[in-house]
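The working numbering numbers the first residue of the sequence shown as 119 and each following residue consecutively.
Don't be surprised by glycine CBs; every beta carbon is placed ideally from N, CA and C.
To start, the structure itself, in structure tokens.
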Amino acid sequence: MSIVARTVSSQTLLPLATAAFNVLLLATIPLLFEALLSSIIVISSLLVLIQVVLLRKTHWMMKSVKHITLVKNVGALAFFGLIIVSAKQLGLLNAMVNLLFSGVLLWLVTADLNSSKWAKQVFVVSLLLTAVSFIYQQDLQWSLYALMVVLGLFVTLYLCQSQSYQSPDTTMSIKPPHFFVMVLSCLVLSAATFVLMPALSPFWKLPEQKQSSTGLSDTMTPGDIAQLASSNRLAFRVELSGNQELVNGLLNDHASQYWRVLTLEDFNGKTWRQNPQRKVTRSDRPTPSPQQQSSLDLLSSDLSLSIIAEPSHQPWLLTYGTSMPQHNQIMLTNDSRLLSTKSISKRIKYQAQNLAPTNVLPVTESDLEINTRLPNNSNPKVRALSQALLANISTEQRVTSAKTLFAFNRAVLNYFSSQGFVYTLSPRPLSGEHLDDFMFESKQGFCAHYASVHAFMLRSIGVPARVVTGYHGSELNPNGQYLNIYDRSAHAWVEYLTPDQQWQRIDPTGAVSPERIQSGLEVSLQAEVANQNAAINFVKQTPWLNQLRQQLQSLDYYWTVWVLDFDNNKRENVVKEWFSLATFGYLIGALITLCILLLIVWLIVRHFKQPKLSPERMVLTRLYTALSATTQKPDLNQIDWTMSLQQHQQVLTQNAPEYEQQILQIIQTLNRNLYDKDHIIDTRALCNIIETLNEQTK
119 MSIVARTVSS
129 QTLLPLATAA
139 FNVLLLATIP
149 LLFEALLSSI
159 IVISSLLVLI
169 QVVLLRKTHW
179 MMKSVKHITL
189 VKNVGALAFF
199 GLIIVSAKQL
209 GLLNAMVNLL
219 FSGVLLWLVT
229 ADLNSSKWAK
239 QVFVVSLLLT
249 AVSFIYQQDL
259 QWSLYALMVV
269 LGLFVTLYLC
279 QSQSYQSPDT
289 TMSIKPPHFF
299 VMVLSCLVLS
309 AATFVLMPAL
319 SPFWKLPEQK
329 QSSTGLSDTM
339 TPGDIAQLAS
349 SNRLAFRVEL
359 SGNQELVNGL
369 LNDHASQYWR
379 VLTLEDFNGK
389 TWRQNPQRKV
399 TRSDRPTPSP
409 QQQSSLDLLS
419 SDLSLSIIAE
429 PSHQPWLLTY
439 GTSMPQHNQI
449 MLTNDSRLLS
459 TKSISKRIKY
469 QAQNLAPTNV
479 LPVTESDLEI
489 NTRLPNNSNP
499 KVRALSQALL
509 ANISTEQRVT
519 SAKTLFAFNR
529 AVLNYFSSQG
539 FVYTLSPRPL
549 SGEHLDDFMF
559 ESKQGFCAHY
569 ASVHAFMLRS
579 IGVPARVVTG
589 YHGSELNPNG
599 QYLNIYDRSA
609 HAWVEYLTPD
619 QQWQRIDPTG
629 AVSPERIQSG
639 LEVSLQAEVA
649 NQNAAINFVK
659 QTPWLNQLRQ
669 QLQSLDYYWT
679 VWVLDFDNNK
689 RENVVKEWFS
699 LATFGYLIGA
709 LITLCILLLI
719 VWLIVRHFKQ
729 PKLSPERMVL
739 TRLYTALSAT
749 TQKPDLNQID
759 WTMSLQQHQQ
769 VLTQNAPEYE
779 QQILQIIQTL
789 NRNLYDKDHI
799 IDTRALCNII
809 ETLNEQTK
């Protein structure tokens, strides 16, 4: 065997590399937590723990298994069975992600560590697993986390490759500068390709994921919104632009921030529901009637909204007043809602032009019929109360004038504020006739309770009315001048039709808790909210922590805007901007700069690219140098590295026969190191023998 053919075993690095790959596999679990089965998470954690803690013993055990292929097949079938059992619950996409994760785990646990290919194979599949996680997580913090996992994979691969391919041949050595320059070159090339190459339409679409809906529902029973209001989930982010006076007015006026999402018009005595006629789909997308279109054409408002919606797995979207969407897959419905043609399964960004701060679309006969229905004989006490309040105002049994309607609403609000009603997140459950129980027994409720009974009372005297659910208020981020809207801002209010056929908003919650409308839930229910959101309240009350929180939110917001806006049009604009500056002089300068940078990189790599000598070659080099000086034969330094150890022994003995014993001892040690894998060469002892030759020369 020649010295050149000798490679260094990677056995000493296998425990570290295997442990690193195992830990990095576990690090992908938070990225894929939304998709992975809990059973697979537990099994993978146990297997990784066993392999890391009992690393050497585990791999010895795996190598001793004669039928390793059988072990792989049995493991694959077991994982496949777990996934198949839960396939209906998971959905196709999540099932495939579980299958991929299980495959990576099984491959890593049963990998042949004596093969030089195992590290590259594990690296590729782990990189694919990390890339798949971007289907579920696109936030800035998760993107940075995924980047750290990828960097860990690269470092682990480098450790494996640098040991597996060390050789006396300098060109085969992998030095850190060389390796990371290659990685950096690939990243630059990938980024340039991402920017310059057009995004082609996919050959197939991802299947819909099986996910539970979040946010507001199209049904409302008193108490539902109170449960949602205890959540700190971010629902929407809104950036306003246009007339600065309008923008500042809305940003600074908490009381006017009514963000519309749903209208609930069907009532069965307990629960409000969205009317089936409002549930439009792509196939029956409404087109504005000539009357509606003429009304829309007359409306204008110099206020634009740029909205980022978080995944809710529902089609309804947030809007302000009556706003026209600037997106072909989002429609403005007859009741002034914005509705997507498909469920919001991922974060989206859309724009809308505000036409008016309230619902101003024309009323149809269908609207009148839908919004005056009441279940027969339900909640008789509330009906009687409505008639009594109306009788105190007018002799009419049904409202026909704006003055009477205004007075009736004022009487209802006064009743709420004067009869001991309490605004709370945790009212007692209602029984029997729900509204009667609330008005005359419980008198404790959240916004949904008051909106529900107020709309019922208006309908009972012949006034078309409905419940609107959405969000009220927001949190202004001063760094980005945009609004964060959380689930805890969920709210319900009432819309009623005036005699001149205009929808008018009224919020009965303000009569019971004015602080809720003026300042928000945190102020109106400070004690209740403080117990539920102790951590976030502590951060808000600590100035430097709150400022840090807002800075991180701004970074995430602008990252999200950049990612969601980077479509083909923006890609083309970036390319045009680049090449519009690339006149001949700029182009020549850029090429010269690039050549200089490449030359600098090459010089740095060449500087750090020191020869990597094997123990055999290092010892022989020193031996030849020492004997050349001892025998005063300079030609002895011209070493032929293609010779075998036996040939080296013959050459050295012929030129220095007086040192035959030392030469034989050194060559035998080197020969044993070449052919005995369990032998560990003591290069220091051999170098000491060579040093004695130098001392004899002196």
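Own chain, CB closer than 8 Å to residue i, minus 5 neighbours either side, in chain order
i, result
"Val612", "Ala569, His572, Ala573, Leu576, Ala583, Arg584, Val585, Val586, Arg623, Ile624, Asp625 and Pro626"
"Asp618", "Ala520"
"Val681", "Gln256"
"Asn773", "Leu745, Thr749, Lys751 and Leu754"
"Thr248", "Thr146, Leu149, Ala264, Val267, Val268 and Leu271"
"Ser672", "Asn595, Asn597 and Gly598"
Local conformation of residue i per DSSP, three classes
i, result
"Gly563", "strand"
"Asp683", "helix"
"Ala474", "strand"
"Ser762", "strand"
"Arg751", "A small correction: the amino acid at residue 751 is Lys; Arg does not occupy that position in the sequence shown. Coil."
"Tyr533", "helix"
"Leu643", "coil"
"Tyr376", "strand"
"Gly588", "strand"
"Asn602", "strand"
"Asp384", "strand"
"Phe354", "strand"
"Leu615", "strand"
"Ser162", "helix"
"Lys118", "Any answer about residue 118 is impossible in this case: the structure gives the chain only from 119 up to 816."
"Leu226", "helix"
"Ala205", "helix"
"Ala347", "coil"
Beta-bridge pairing of residue i - partner residues as DSSP gives them
i, result
"Leu435", "Leu456"
"Met575", "According to DSSP, Met575 bridges with nothing at all."
"Ser359", "Ser422"
"Asn595", "Tyr600"
"Ala608", "Tyr589"
"Met338", "Trp390"
"Trp621", "Leu615"
Through-space distance from residue j to residue i, alpha-carbon basis
i, j, result
"Leu269", "Leu716", "23 Å"
"Asp384", "Leu368", "31 Å"
"Val273", "Gln783", "40 Å"
"Leu741", "Val769", "12 Å"
"Lys397", "Thr513", "39 Å"
"Ile202", "Leu210", "10 Å"
"Leu364", "Arg465", "27 Å"
"Val356", "Asn366", "14 Å"
"Ala135", "Ala229", "12 Å"
"Tyr283", "Leu307", "Residue confidence is low: Tyr283 scores 47 on pLDDT, short of 50, so the model does not pin down where it sits. No coordinate-derived value is stated."
"Gln395", "Gln620", "20 Å"
"Arg606", "Glu483", "36 Å"
"Glu809", "Thr743", "11 Å"
"Gly628", "Gly221", "57 Å"
"Lys235", "Gln392", "59 Å"
"Ser637", "Ser463", "32 Å"
Check whether residue i and residue j have beta carbons under 9 Å apart
i, j, result
"Leu218", "Leu165", "no"
"Gly580", "Asn497", "no"
"Leu200", "Leu155", "yes"
"Gln432", "Ser348", "no"
"Thr72", "Arg378", "For residue 72 there is no data in the structure shown, the boundaries of the chain being 119 and 816."
"Pro733", "Asn791", "yes"
"Leu358", "Leu277", "no"
"Leu243", "Trp225", "In the sequence on display, residue 243 carries Val and not Leu. Result yes, Cβ atoms of Val243 and Trp225 sit closer than 9 Å."
"Val478", "Leu615", "no"
Beta-carbon proximity list for residue i, same chain, < 6 Å, skipping 5 on both sides
i, result
"Thr389", "Thr337 and Thr339"
"Glu487", "none"
"Ile448", "Leu456, Ser458 and Tyr468"
"Gln780", "Ile807"
"Tyr533", "none"
"Glu551", "Asn497"
"Ala529", "Leu507"
"Ser578", "Arg501 and Ser504"
"Ser374", "none"
Sequence-distant residues of the same chain with beta carbon closer than 7 Å to residue i, five excluded per side
i, result
"Ile825", "Residue numbering for the chain in the displayed model covers 119 to 816; residue 825 lies beyond these limits and cannot be assessed."
"Ser303", "none"
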